[in-house]
Amino acid sequence: MTVDINPASAVARNARYFAESVALTYAGGDLTYEELDDRAGRLSSVLVDGGTGVGDRVAYLGLNSSSFLITMLAAFRVAAIFVPVNFRLAGPELQQVLQRSGATTLVAEEGHRAAVEAIKDKLSIKRLLLVDDDLACPAAAETSGWERWATLLERAKALPTIAPGSYDDPAILMFTSGTTGLPKGVILTYGNVWWNAINVETRLDTHRRDVTHASAPMFHIGALNSFVLRTLMRGGTVVVRRGFDPAGFADDVANLKVNSTFLVPAMLGALARTAGAFERDYSSLNALVVAGAPVPPSLISHFADHGVLLQQAWGLTETAPFATHLPAELTFQKLGSAGIPMPHTEIDVVDPLTLESVPAGTAGEVIVRGPNVTPGYWEDPEATSAAFDAEGWFHSGDIGYLDKDGFLYVVDRLKDMIISGGENVYPAEVERALSDMDGVTDVAIIGAPDDEWGETVVAVVSLAAGAEVTINDVRAHAAARIARYKIPRQLVVVESVPRNASGKLDKLALRGVVGKHDSP
Numbered sequence: 053m054t055v056d057i058n059p060a061s062a063v064a065r066n067a068r069y070f071a072e073s074v075a076l077t078y079a080g081g082d083l084t085y086e087e088l089d090d091r092a093g094r095l096s097s098v099l100v101d102g103g104t105g106v107g108d109r110v111a112y113l114g115l116n117s118s119s120f121l122i123t124m125l126a127a128f129r130v131a132a133i134f135v136p137v138n139f140r141l142a143g144p145e146l147q148q149v150l151q152r153s154g155a156t157t158l159v160a161e162e163g164h165r166a167a168v169e170a171i172k173d174k175l176s177i178k179r180l181l182l183v184d185d186d187l188a189c190p191a192a193a194e195t196s197g198w199e200r201w202a203t204l205l206e207r208a209k210a211l212p213t214i215a216p217g218s219y220d221d222p223a224i225l226m227f228t229s230g231t232t233g234l235p236k237g238v239i240l241t242y243g244n245v246w247w248n249a250i251n252v253e254t255r256l257d258t259h260r261r262d263v264t265h266a267s268a269p270m271f272h273i274g275a276l277n278s279f280v281l282r283t284l285m286r287g288g289t290v291v292v293r294r295g296f297d298p299a300g301f302a303d304d305v306a307n308l309k310v311n312s313t314f315l316v317p318a319m320l321g322a323l324a325r326t327a328g329a330f331e332r333d334y335s336s337l338n339a340l341v342v343a344g345a346p347v348p349p350s351l352i353s354h355f356a357d358h359g360v361l362l363q364q365a366w367g368l369t370e371t372a373p374f375a376t377h378l379p380a381e382l383t384f385q386k387l388g389s390a391g392i393p394m395p396h397t398e399i400d401v402v403d404p405l406t407l408e409s410v411p412a413g414t415a416g417e418v419i420v421r422g423p424n425v426t427p428g429y430w431e432d433p434e435a436t437s438a439a440f441d442a443e444g445w446f447h448s449g450d451i452g453y454l455d456k457d458g459f460l461y462v463v464d465r466l467k468d469m470i471i472s473g474g475e476n477v478y479p480a481e482v483e484r485a486l487s488d489m490d491g492v493t494d495v496a497i498i499g500a501p502d503d504e505w506g507e508t509v510v511a512v513v514s515l516a517a518g519a520e521v522t523i524n525d526v527r528a529h530a531a532a533r534i535a536r537y538k539i540p541r542q543l544v545v546v547e548s549v550p551r552n553a554s555g556k557l558d559k560l561a562l563r564g565v566v567g568k569h570d571s572p
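The working numbering applies: residue 53 is where the sequence shown begins, and numbers increase by one.
Pasting the structure below:
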């Protein structure tokens, strides 16, 4: 028996039985399930007419929008692989991702057309489709070489069939952020997407017709597959916002009765600094999941003081994304923990050298196994082989430990560890120690070469308007919280701490920043 778990099939079922239910709330125009399914069906016909078939890659380049989701569903309908592209990539980075994906069709917004034009002769792309019916991103009048989205959809008839999706069929090709090296293409199958949904369904307090909020970039697996895909599969409503606006988010939660959302710590930090943010009604939020970077316990406590319980989770693109989750009722009992394994996922912590499990409380590399874990990297058998061991465990590259009760605490990335004077320093631990410092709005810790110590600890901070912070202030604040050898010896003040679109610290940019500054 073949079970069809294609999300496009689920949307079609919702369109049949709940045609007038609102699928997407978006500034460019709401769409019911009937309208969403029809537009996805029309675009799938356009794709087929252009030669797109099973396994071909269809890329999307643009901000969060209804056209992003329509393109994804259309690709699913014809068993093509959807490639959501980081819209912040510069020309060479964009070229690399599109080349490595082998995409033959690209759907893009006007704001990214020039970047594509500059590299299109070096790509395998045969068709360029331009979204031109979204008031948030109006298209230019002259767009030679591009087929206009609205005209194509208007002329097309919806493809009546949908290719069934089985557990092992690739659905999404998602490139990692590449903050410390070249991005890798993570293959996510329909089974990975499905089992993540089952994990979330079993653990989190969500319901069939929930309203979810999507303001984190959907090219990131956290935003796309924590709630968006599963909400569409279950007949709920997705509030699509092109980006995160703290005041707008607060309004949406209060006015639209949002039940679930995925945010990264930087977004929550911005919300906490927004005037009047905690005067709004958040009572509808059953699942406010925060992940993508280590979450400072001070931030969790700050929101809890205002009646908002953050639910920390941990995972990666490769785990689609949930590997662990901390239930809301354990927020204070296990403050700072990333939680327990998802119901159908295993985790362990091992010594990176011996690969043997380590005792409770001992830091090591976190490994994951389960049906939500990627089968490997796109056309990269070496990277796939390096990431998986003989027993099928995926080695995450994250350092963490399990407490005596089996709750995971994530310390840092293995490759970000600083070795100073023979001591291991985990940047995330120092960042947490400084996260509640007066005047500091964001902080990053990075190692810099040092003749005496091998590496020295450097703090990169951004400050609130009018605030002044010195290295002595930083050292004094940290001294009460962490060991002396972990305390920063240098300070760099920047206007904005560099982060990528996923909210993670951009280590390459940070190293560049540190290299250009002298310590005050």
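Note that beta-carbon positions come from the ideal geometry of N, C-alpha and C, so glycine has one too.
If the five residues before and after Q151 are omitted, its C-beta is found closer than 8 Å to the C-beta atoms of K174, L175 and S176, all from its own chain and listed in chain order. Below 8 Å, enough C-beta pairs join the region 198-213 and the region 87-106 to call them touching: three or more. Closest by C-alpha distance to D82, out of R293, A132, G243 and E161, is R293. Each residue's CA atom was taken as its position, placing W246 and M226 some 16 Å apart.
Nearest in C-alpha terms to L387, of all of L460, P433 and G344, is L460. Sorting L486, I451, F139 and V159 by C-alpha distance to the C-alpha of R533 places L486 at the top. Per DSSP, Y242 lies in no beta strand (DSSP E); the unbroken alpha helix (DSSP H) holding it starts and ends at Y242 to R255.
Annotation: S353 to D488 spans about 11 Å, alpha carbon to alpha carbon.
When C-beta atoms of the region 258-267 are compared with those of the region 432-449, fewer than three pairs fall below 8 Å, so the two segments do not count as touching.
Non-local C-beta neighbours of R94 in its own chain, meaning closer than 6 Å and more than five positions away in sequence, comprise L205, A208 and A210, ordered along the chain. Taking 3 residues as the shortest admissible run, the region 362-388 contains the following complete beta strand (DSSP E) segments, listed from N- to C-terminal end: 363-367 and 374-377. Comparing alpha-carbon positions, the option among V512, V290 and L187 lying closest to G567 turns out to be V512. DSSP lists V509 as the beta-bridge partner residues of G499.
Under DSSP, I392 forms a beta bridge with H377. Residue state for I523 is assigned as helix, using DSSP reduced to three classes. Minimum Cα-Cα distance from S548 among the listed residues A496, E475, D185 and R260 corresponds to A496. Linking L121 to A500 through their CA atoms gives a straight-line distance of about 42 Å. Between G416 and P404, the C-beta gap is smaller than 8 Å, which places the two residues in contact.
Residue range F446 to L454 is occupied by the beta strand (DSSP E) that includes S448.
Under the DSSP assignment, P136 falls in the beta strand (DSSP E) whose first and last residues are I133 to V137. For secondary structure counted as the beta strand (DSSP E) over 3 or more consecutive residues, the region 309-370 holds these complete runs in sequence order: 312-315, 339-342 and 363-367. A62 sits in a helix when the DSSP states are folded into three classes.
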